[in-house]
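So for the sequence shown, my numbering puts the first residue at -13; every next one is plus one. Backbone N, C-alpha and C define an ideal beta-carbon position, used for all residues, glycine too.
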Amino acid sequence: MTTIDMLRPFEQQMIADRRWLHEHPELSGQETQTLGYIVSALEALGLGIHIVPDGGVIGVLGESGAGPCVLLRADCDALPVQESPTNLQYPRCCVSKNPGVMHACGHDAHMAMLLGAARALAAHAQEVPGRVLFVFERGEEKGGKGFLEHLLPYIDAHFAVDACYATHVRWDIPAGKTAVLDGAAMAGAFGFDVTIHGRGGHGSRPDLAVSPIDCFSAIHQQLLALRMRVVAPEKVLTYSLGLVQAGEQGNVIPDTLRFAGTVRTYDTAGAGERFAQEMRCIIDSTCASHGCEAEYTHFSKPLYEVHNHPAAAALARQAITRNLGMLSLAACAPWMASESMSAYLQLWPGVLTFTGVQNECKGAGANHHTPAFDLDEAAMLPGAAAACAFALDVLTKRPDFGFQRRIVSMQDLVSRSI
């Protein structure tokens, strides 16, 4: 029996799960109803339940010490987006009942697929030679900050995880297809929010003022050039501003200027760390030369990129093609968005795949985080089957991934965010 056959009896329940979760979205840190729904579903399967306060929920299939252990993970939170009543072409099959909050990134499908995988594996528990952790993580849309701090140390202390797996739905991959990349699949990133303090004055006498606008202009030009100066040409790194605020009158020089944005890269430990260090030096030295001071409201340690272990990615591709067919795999480029699964992949060998949800005939194909985002629910069957395929291959083949942790500490890892 293939994993796609294992999942078929649970497809309609997956769809029902997704629709209920979609209609009841909750923001990061507020996932009370969502986690209650998940716990009830896991308890009905007879799984062991671990509730990690402020972190999430873990369902456990299998006895302690009974073979290897694989972790399957989904995220739970929604976004502050007002959902449109239609997708790209048609009225939706289900719409958020919480005004201004929407599962605009596909986390409803992530949870439904993981619940489907839990049902399928629980129904074949006698054929599962080890333990499976079904991890439902809170707060991913906030970079996992404050939630991974509770969840990951708990998992590390209570379970000997051999491999981990997650999937993210993607708007630009056809439904029914799965993409598995080697190395960087999604970007690492860090955010910044800085206020420059100068001295205001009248526009007629700029010589009596210390303009934070002039100071920022010099900083911005240097940061635009910094990527070319310190980042190797083959490395991917972007710097962008999303906020610049200063002044209220055209003839008055303000006291302060605030700017904020993000830096994203596929090489956090190299290009990302170097850029962050040089960026702070530029801000501090330019402020000093202009007679200003910099106040760092936020300047986070760079979040690691989602880095798929090559051996785990190869195992995933083999498992998926054997269970879903050779034509089930799709090619795609890495995604410059960020994901807290990056932290799991620093602790354990594993992979984050992409599950295609695009179907123009159903109006699914709008980009993530937009009011028109929607998915083809038929994509969840192969998505959940791929997770089961990876888990069973890890448990039966027991591969030696040759993985070594290179983190400074758990505290340093969970402190990284956008």
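{"Query": "Residue 245 in three-state terms, based on DSSP", "Result": "strand"}
{"Query": "Contacting residues, own chain, Cβ-Cβ under 6 Å from residue 163 (five flanking each side not counted)", "Result": "316, 342"}
{"Query": "Residue environment, residue 283, which counts as buried when at least 16 other CB atoms sit within 10 Å", "Result": "exposed"}
{"Query": "Per DSSP, cross-strand counterpart(s) of residue 294", "Result": "169"}
{"Query": "Segment limits, beta strand (DSSP E) that includes residue 58", "Result": "55 to 61"}
{"Query": "Between the CA atoms of residue -10 and residue 202 - distance to the nearest angstrom", "Result": "56 Å"}
{"Query": "For residue 226, the three-state DSSP class (helix, strand or coil)", "Result": "strand"}
{"Query": "Where residue 395 falls, given that 16 or more other Cβ within 10 Å makes a residue buried", "Result": "exposed"}
{"Query": "Proximity of residue 402 and residue 226 at Cβ, strictly below 8 Å", "Result": "no"}
{"Query": "Integer Cβ distance of residue 265 from residue 212, believed to fall under 8 Å", "Result": "7 Å"}
{"Query": "Pair within 8 Å by beta-carbon distance, residue 66 and residue 86", "Result": "yes"}
{"Query": "Inter-residue Cα distance where the pair is residue 147 and residue 334", "Result": "7 Å"}
{"Query": "Identity of the residues DSSP links to residue 321 by a beta bridge", "Result": "172"}
{"Query": "Residues near residue 350 by beta carbon distance below 8 Å, same chain, minus five either side", "Result": "73, 74, 157, 161, 343, 344, 360, 361, 362"}
{"Query": "Supposed close pair residue 62, residue 123 - CB separation, criterion 8 Å", "Result": "6 Å"}
{"Query": "Residue nearest to residue 277 in terms of C-alpha spacing, selected from 380, 195, 132, -4", "Result": "195"}
{"Query": "Runs of beta strand (DSSP E) lying entirely within the region 79 to 154, each at least 3 residues, in chain order", "Result": "117 to 123"}
{"Query": "Which of helix, strand or coil DSSP assigns to residue 161", "Result": "coil"}
{"Query": "Within 8 Å, strictly: CB atoms of residue 289 and residue 104", "Result": "no"}
{"Query": "At least three beta-carbon pairs within less than 8 Å, the region 35 to 45 to the region 132 to 146", "Result": "yes"}
{"Query": "Other residues of its chain near residue 269: CB distance less than 7 Å, five sequence neighbours each side excluded", "Result": "180, 205, 280"}
{"Query": "Chain-order list of residues whose beta-carbon lies under 6 Å from that of residue 131 (same chain, five-residue window excluded)", "Result": "403"}
{"Query": "Bounding residues of the alpha helix (DSSP H) (the contiguous stretch that carries residue 329)", "Result": "327 to 333"}
{"Query": "Neighbourhood of residue 308 by C-beta, 8 Å cutoff - its chain only, sequence neighbours within 5 removed", "Result": "-12, 375"}
{"Query": "Helix, strand or coil at residue -5 according to DSSP, with G and I counted as helix", "Result": "helix"}
{"Query": "Uninterrupted alpha helix (DSSP H) stretches inside the region 13 to 53 (no shorter than 4 residues)", "Result": "18 to 30"}
{"Query": "Short Cβ contact (8 Å threshold) for residue 369 with residue 20", "Result": "no"}
{"Query": "Cβ distance (whole Å) where residue 332 is taken to contact residue 239 below 8 Å", "Result": "Contact flag wrong, Cβ pair sits at about 46 Å."}
{"Query": "Anticipated Cβ contact below 8 Å, residue 172 with residue 324, distance rounded", "Result": "6 Å"}
{"Query": "Continuous alpha helix (DSSP H) stretch holding residue 206: start and end", "Result": "198 to 216"}
{"Query": "Sequence-distant residues of the same chain with beta carbon closer than 6 Å to residue 14, five excluded per side", "Result": "63, 125, 127, 128"}
{"Query": "Simplified DSSP assignment, three categories, for residue 68", "Result": "coil"}
{"Query": "Endpoints, alpha helix (DSSP H) assigned at residue 380", "Result": "366 to 383"}
{"Query": "Beta-carbon gap between residue 81 and residue 381 smaller than 8 Å", "Result": "no"}
{"Query": "Beta-carbon contacts of residue 327 that lie in its chain and below 6 Å, excluding the five residues immediately before and after", "Result": "152, 292, 338"}
{"Query": "Beta-carbon gap between residue 340 and residue 149 smaller than 8 Å", "Result": "no"}
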